[in-house]
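Working notes, structure below.
In my numbering, the protein residues as written are 19 to 292.
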């Protein structure tokens, strides 16, 4: 139950972070947004170090660095995807991809689900699809970016899961250090193509802080629960993105999406019983 609550918290934080990051990427080049978001995330994780501890063993370094490379790609692809829009369609597409790979890895590694879990897991995946049932059709480029972002997020989550359970926040610190370095290097190489627009500093930093919080909650959840369940519950984050897009951007929420939100609530309840 604690793992499930942590996964739900991670989902909420991811949804809010994605909305702010996507909105920020509409105001300036996506790399300018990530250049603010990634270091802000790192600052949060460094502040958590004294409280949660960190053990920088080989496993934490290797898997943390791998998650950092995936995180840098996920940041850039996801924020660019949401900047193109529509958020209420592309965010769920990304989430569906990001849920399937970790769930598959967990099941292959021998995780077992009870009867409620066997019903709740596919129902949660169906909820992600239903939440994406908007009338606006994304472009092919936007859809490909969404698929790429989902794959990058999935790899990041799998790498965090593989890090030693006794490593504290070390995998997060290593990962965010690597992702910040990759982002800054990419921005340096592409500085002439970034345009003159300044990033939305507060919005971008808030996205980074929320993303860091989401990663922490996911890491704690997966250390206390099954990867298959935690990854799918975390992938319900489009619900937050969709609701924020409806409230702030007046993007229309369709009946199918409302059904999806209700289906998500039922699925989470079943997974809690599992």
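From the three backbone atoms N, C-alpha and C, an ideal C-beta is built for every residue, glycine too.
When secondary structure is reduced to three states using DSSP, residue 86 falls in the helix class. With contacts defined by Cβ atoms closer than 7 Å, residue 60 and residue 194 form a contacting pair. Of the residues assessed, residue 110 falls on the buried side of the cut-off, its CB having 16 or more other CB atoms within 10 angstroms. Judged by pairs of C-beta atoms under 8 Å, the region 47 to 65 touches the region 210 to 225, as three or more such pairs exist. When the Cα atoms are used, residue 32 and residue 189 turn out to be separated by approximately 18 Å. Contact between the region 57 to 76 and the region 117 to 129 is absent: fewer than 3 CB-CB pairs across the two stretches fall below 8 Å.
Setting aside the 5 residues that flank it on each side, residue 45 is surrounded in the same chain by 218, each with a C-beta closer than 6 Å to its C-beta; the list follows chain order.
Taking C-alpha positions only, residue 239 is separated from residue 25 by approximately 6 Å. By DSSP's assignment, residue 186 forms a beta bridge with 72. Put simply, the backbone Cα of residue 160 is about 7 Å away from that of residue 102. Under the 10 Å beta carbon count, residue 174 is surrounded by 16 or more other beta carbons and is classified as buried. In the three-state reduction of the DSSP assignment, residue 273 falls in the helix class, which pools H, G and I. Here residue 73 is exposed. Its C-beta has fewer than 16 other C-beta atoms within 10 Å. Excluding residues up to 5 positions away in sequence, 75, 77 and 78 lie with their Cβ nearer than 7 Å to the Cβ of residue 182 in the same chain.
Taking residue 128 as reference, the option from 255, 247 and 264 with the minimal CA-CA separation is 247. Under the three-state reduction of DSSP, residue 174 is assigned to helix. In the three-state reduction of the DSSP assignment, residue 219 falls in the helix class. Secondary structure note for residue 245: its alpha helix (DSSP H) is the uninterrupted segment 245 to 252.
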